[in-house]
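Chemist: Pasting a structure here, questions to come.
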Amino acid sequence: MTKHIFVTGGVVSSLGKGLNSASIGLLLESRGLKVNLQKFDPYVNVDPGTMSPFEHGEVYVTEDGAETDLDLGHYERFTNAVVNKNCNFTTGSIYYSVITKERRGEYLGKTVQIVPHITNEIKECIRKVTTPDVDVVIHEIGGIVGDIESQPFLEAIRQFGLDVGRHNVLYVHLTLVPYLRAADEVKTKPTQHAVSLLRQAGMQPDVLICRCEKPLSQELKAKIALFCNVEKEAVIDEKDVKPYLYEIPILLKKQGLDNIIINKLGLKTDGGNLQEWERMLERLKNPKYSTEIAVVGKYIAHRSAYESLYEAIIHGGIANEASVEVRRVEAEEVESKGAEACLGGVKGILVPGGFGERGIEGKIASARYAREKKIPYLGICLGLQCATIEFARNACGLKEANSTEFDKNTSHPVISLLEEQKGIKEMGGTMRLGAQDCLLETGTKTYAAYGQDKISERHRHRYEFNNDYRELFSSHGMISSGFSPSGKLVEAMELRDHPWFVCVQFHPEFKSKPIRPHPLFREFIQAALTFEREGKPTHTERPLQASATRG
Ligand code: GLN
Numbered sequence: 018m019t020k021h022i023f024v025t026g027g028v029v030s031s032l033g034k035g036l037n038s039a040s041i042g043l044l045l046e047s048r049g050l051k052v053n054l055q056k057f058d059p060y061v062n063v064d065p066g067t068m069s070p071f072e073h074g075e076v077y078v079t080e081d082g083a084e085t086d087l088d089l090g091h092y093e094r095f096t097n098a099v100v101n102k103n104c105n106f107t108t109g110s111i112y113y114s115v116i117t118k119e120r121r122g123e124y125l126g127k128t129v130q131i132v133p134h135i136t137n138e139i140k141e142c143i144r145k146v147t148t149p150d151v152d153v154v155i156h157e158i159g160g161i162v163g164d165i166e167s168q169p170f171l172e173a174i175r176q177f178g179l180d181v182g183r184h185n186v187l188y189v190h191l192t193l194v195p196y197l198r199a200a201d202e203v204k205t206k207p208t209q210h211a212v213s214l215l216r217q218a219g220m221q222p223d224v225l226i227c228r229c230e231k232p233l234s235q236e237l238k239a240k241i242a243l244f245c246n247v248e249k250e251a252v253i254d255e256k257d258v259k260p261y262l263y264e265i266p267i268l269l270k271k272q273g274l275d276n277i278i279i280n281k282l283g284l285k286t287d288g289g290n291l292q293e294w295e296r297m298l299e300r301l302k303n304p305k306y307s308t309e310i311a312v313v314g315k316y317i318a319h320r321s322a323y324e325s326l327y328e329a330i331i332h333g334g335i336a337n338e339a340s341v342e343v344r345r346v347e348a349e350e351v352e353s354k355g356a357e358a359c360l361g362g363v364k365g366i367l368v369p370g371g372f373g374e375r376g377i378e379g380k381i382a383s384a385r386y387a388r389e390k391k392i393p394y395l396g397i398c399l400g401l402q403c404a405t406i407e408f409a410r411n412a413c414g415l416k417e418a419n420s421t422e423f424d425k426n427t428s429h430p431v432i433s434l435l436e437e438q439k440g441i442k443e444m445g446g447t448m449r450l451g452a453q454d455c456l457l458e459t460g461t462k463t464y465a466a467y468g469q470d471k472i473s474e475r476h477r478h479r480y481e482f483n484n485d486y487r488e489l490f491s492s493h494g495m496i497s498s499g500f501s502p503s504g505k506l507v508e509a510m511e512l513r514d515h516p517w518f519v520c521v522q523f524h525p526e527f528k529s530k531p532i533r534p535h536p537l538f539r540e541f542i543q544a545a546l547t548f549e550r551e552g553k554p555t556h557t558e559r560p561l562q563a564s565a566t567r568g
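Written out as structure tokens, the structure is:
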């Protein structure tokens, strides 16, 4: 019988429900259990795919091509779960499904209502990830208790506990216990109120995770336990762990959260440990080297807009025992101030994915700076497209070169709309999405990073390198190093006469984990360290790490 953990939040949002859900997943895996994770988002958008990254941060792409909330990235980075389209539902997607059924007459003339129709639909979504091979599913409810839009989800998870038996579900509530500087006091009242709201919704939390600035005293824990009707040992404190988010599972384990969950759910455990994670954390906290790279993007002001990317950079650092400082550069600033002013001194330049024209010329100038100064460059999706536009203009002499995304009538469309995209009018979920196989050319730096010729990576784009320019590019020194299995689509490109200038049409950041850094990030950071060390660009070959090789 699969068990369920429901993670809710109270007092304020942004307490880290996603990171805590992921951490619980890791702790249970470390005890030999198989977990899956799921997130419910209370907003009305059907998925975050069409939302601006300024609104809701990164859109995380799953293997099966769902455009999902960024918390799913935490789930995959912390655990072995491979999330899919059933792991993220929104109010919009729930209503969309119910209204579609209503239009088809599936409710047989009944009045369709929030209870039971919407709540039944939510419970149906919970069951979609409840497969016999999974011991525990962790379901995160976005937003906080008390939000109008969270109510149907709270009602559904209350009912679900009743449906499957209370002993098969565990309610974990994440809350804030603030320290008031002026009063020099830690306050428990907001938590009491949040738990009271949860109880009004019919749920008694089993575990409270209290976010706080400093660890809570035993006395305070006892007070929270009494007032919130939770066992004292199940009141867990979680002080801020920045910058080492990967420490959260360790903090939770120190307070015995894995045992509490296992006992309360009556789980049988067998083997497993946290050693690999702890070793990773040691490496992360004790770097031997350091370097600085620049990320040139257009949503730089919003940290979570590039969540997986920044994490993957940290992973690349872990693989090289290095701390990596990231200079966040607004692409438009490169346009106004120039590349030297914005990028001078960095040891690597990364241009990530993106959409729309704003900042494009700044990204193109950044790629040029990296190419001409022989600074390691990693171009991801739009970062590949900008590098090819730059190369066409300045190395191949095609001054008018552009992507048809930015100039429909360019005389040299080096980047153009994918054939399969022509005629698509709907915006949501219609890009080339999810995992695609890719074949790598031996002898290239891309191949050297992976150490294998067949790989699979996740995509999210509508535009692609125009094959008409393949020969011309190659004759000027930019070669195609990866192709779709049909050979029709160029998936990776690199410069022949440059220490490390690698561009990919896919998003490697979605598959990088702290304990399994992605090979491209590993090699990119290694190239940056070489550049740092030698002050000049030389690419050192070194044995490939089997553990970091991914297929
Ligand atoms: N806008 C580009 C495209 O659709 C790049 C997309 C991306 O970087 N994810 O192809």
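Each residue of the sequence shown is one higher than the one before, counting from 18 in my numbering. Quick reminder that beta carbons are idealized off the backbone N, C-alpha and C, glycines included.
(1) Contact check, L435 vs T421 under 8 Å by CB: the rounded distance?
(2) Cβ of F490 within 7 Å of any heavy atom in ligand 1?
(3) With burial defined as no fewer than 16 other Cβ atoms inside 10 Å of the residue's Cβ, what is the status of K528: buried or exposed?
(4) Helix, strand or coil: how does DSSP classify E84 here?
(5) To which residues of the same chain is Y77 closer than 7 Å at the C-beta, ignoring the five residues directly before and after it?
(6) Compare the C-beta of N103 against all C-beta atoms of chain C and say whether one is closer than 8 Å.
(7) Between which two residues does the beta strand (DSSP E) harbouring V24 extend?
(8) Tell me whether T429 sits in a helix, a strand or coil according to DSSP, three-state version.
(9) Checking 8 Å against the spacing of the C-beta atoms, do A545 and G365 come in under that value?
(10) Where T555 and D223 are concerned, what is the direct C-alpha to C-alpha distance, given to the nearest angstrom?
(11) Can you tell me which of G400, Q543, H429 and V162 puts its alpha carbon nearest to the alpha carbon of C413?
(12) Say yes only if the C-beta of E422 is nearer than 7 Å to one or more non-hydrogen atoms of ligand 1, and no if none qualify.
(13) Assign L243 to one of three DSSP states: helix, strand, or coil.
(14) Please classify R388: is it buried, with 16 or more other beta-carbons within 10 angstroms of its beta-carbon, or exposed?
(15) Which residues does DSSP pair with C520 in a beta bridge?
(16) Kindly indicate which residue of I432, G219 and L243 has the alpha-carbon position closest to the one of C179.
(17) Determine, using beta carbons only, whether E508 and F500 come nearer to each other than 8 Å.
(18) Classify L125: buried if its beta carbon has 16 or more other beta carbons within 10 angstroms, exposed otherwise.
(19) For the candidate residues D58, V100 and A339, whose alpha-carbon lies nearest to that of E540?
(20) Would Y261 be called buried (16 or more neighbouring beta carbons within 10 Å of its own) or exposed?
(21) Contact defined as beta carbons within less than 8 Å: I believe H476 pairs with Q438. What is the distance between those atoms, to the nearest angstrom?
(22) Rounded to the nearest angstrom, how far is the Cβ of T117 from that of Y60, given a contact under 8 Å?
(23) Take S564 and list the residues in its own chain whose beta-carbon comes closer than 7 Å to its own, dropping the five residues that flank it on each side.
(24) So what's C229 in DSSP terms, helix, strand or just coil?
(25) Could you say if the region 24-31 and the region 184-195 meet the contact criterion of at least three C-beta pairs nearer than 8 Å?
Modeler: The answer reads as follows:
(1) Along the sequence shown, one-based indexing puts residue 435 at 418. Along the sequence shown, one-based indexing puts residue 421 at 404. Actually they do not touch by this definition, with Cβ atoms about 11 Å apart.
(2) Walking along the sequence shown from the start, residue 490 turns up at place 473. Relative to ligand 1, even the nearest heavy atom lies 7 Å or more away from the CB of F490.
(3) Residue mapping note: residue 528 aligns to position 511 of the sequence shown, counting from 1. With at least 16 other beta carbons inside 10 angstroms of its own, K528 counts as buried.
(4) Counting from 1 along the sequence shown, the entry for residue 84 is found at position 67. If DSSP states are grouped into helix, strand and coil, E84 belongs with the strands.
(5) As a first step, residue 77 must be located in the sequence shown, where it is residue number 60. Same-chain partners within the cutoff: T85, D86, L87, L89, G90, S325 and F527.
(6) The chain labelled as chain C is not found in the depicted structure, where only one protein chain is given.
(7) Sequence index remark: in the sequence shown, residue 24 carries index 7 (1-based). Run containing V24: K20 to G26, per the beta strand (DSSP E) assignment.
(8) Indexing the sequence shown from 1 puts residue 429 at position 412. Reading off the sequence, residue 429 comes out as His, not Thr. Secondary structure of H429 (DSSP, three-state): strand.
(9) The sequence position of residue 545 within the sequence shown is 528, counting from 1. The sequence position of residue 365 within the sequence shown is 348, counting from 1. Taking 8 Å as the Cβ cut-off, A545 and G365 qualify as a contacting pair.
(10) Reading the sequence shown from its first residue, position 538 is the one you call residue 555. Reading the sequence shown from its first residue, position 206 is the one you call residue 223. Confidence at T555 is low in this model, with a pLDDT of 44, below 50, so its placement is unreliable and the value that follows should be read with caution. T555 and D223: Cα-Cα distance of roughly 56 Å.
(11) Indexing the sequence shown from 1 puts residue 413 at position 396. Closest in C-alpha terms to C413, from the list G400, Q543, H429 and V162, comes H429.
(12) Counted from its first residue, the sequence shown places residue 422 at position 405. Taking 7 Å as the cut-off, one finds at least one heavy atom of ligand 1 near enough to the beta carbon of E422.
(13) Translated into the one-based positions of the sequence shown, residue 243 becomes position 226. In the structure shown, L243 adopts helical secondary structure according to DSSP, grouped into three states.
(14) Walking along the sequence shown from the start, residue 388 turns up at place 371. Label assigned to R388: buried.
(15) Position 503 of the sequence shown, counted from the first residue, corresponds to residue 520. According to DSSP, C520 bridges with G396 and M510.
(16) Position 162 of the sequence shown, counted from the first residue, corresponds to residue 179. Cys is not the amino acid found at residue 179; the sequence shown has Leu there. Of the listed residues, the one whose Cα sits closest to L179 is G219.
(17) Taking the first residue of the sequence shown as 1, we reach residue 508 at position 491. Taking the first residue of the sequence shown as 1, we reach residue 500 at position 483. Taking 8 Å as the Cβ cut-off, E508 and F500 qualify as a contacting pair.
(18) By 1-based counting over the sequence shown, the position of residue 125 is 108. Exposed, because fewer than 16 other Cβ atoms sit within 10 Å of the Cβ of L125.
(19) Taking the sequence shown and counting its residues from 1, one reaches residue 540 at position 523. When each option's Cα is compared against that of E540, the closest is A339.
(20) Mapped onto the sequence shown, residue 261 falls at position 244. Exposed, because fewer than 16 other Cβ atoms sit within 10 Å of the Cβ of Y261.
(21) Residue numbering aside, residue 476 sits at position 459 when the sequence shown is read from its first letter. Residue numbering aside, residue 438 sits at position 421 when the sequence shown is read from its first letter. Not quite, the Cβ-Cβ distance comes to about 12 Å (not below 8 Å), so this is no contact.
(22) If you number the sequence shown from 1, residue 117 lands on position 100. If you number the sequence shown from 1, residue 60 lands on position 43. 19 Å between Cβ atoms; not a contact.
(23) Counting from 1 along the sequence shown, the entry for residue 564 is found at position 547. Here S564 scores only 34 on pLDDT, less than 50, and its place in the model should not be relied on; the value that follows carries that caveat. Here the set comprises R533.
(24) As a position in the sequence shown, residue 229 is number 212, starting the count at 1. Look at C229 here: in three-state DSSP terms it is strand.
(25) As far as the Cβ criterion goes, the region 24-31 touches the region 184-195, which means the pair count is three or higher.
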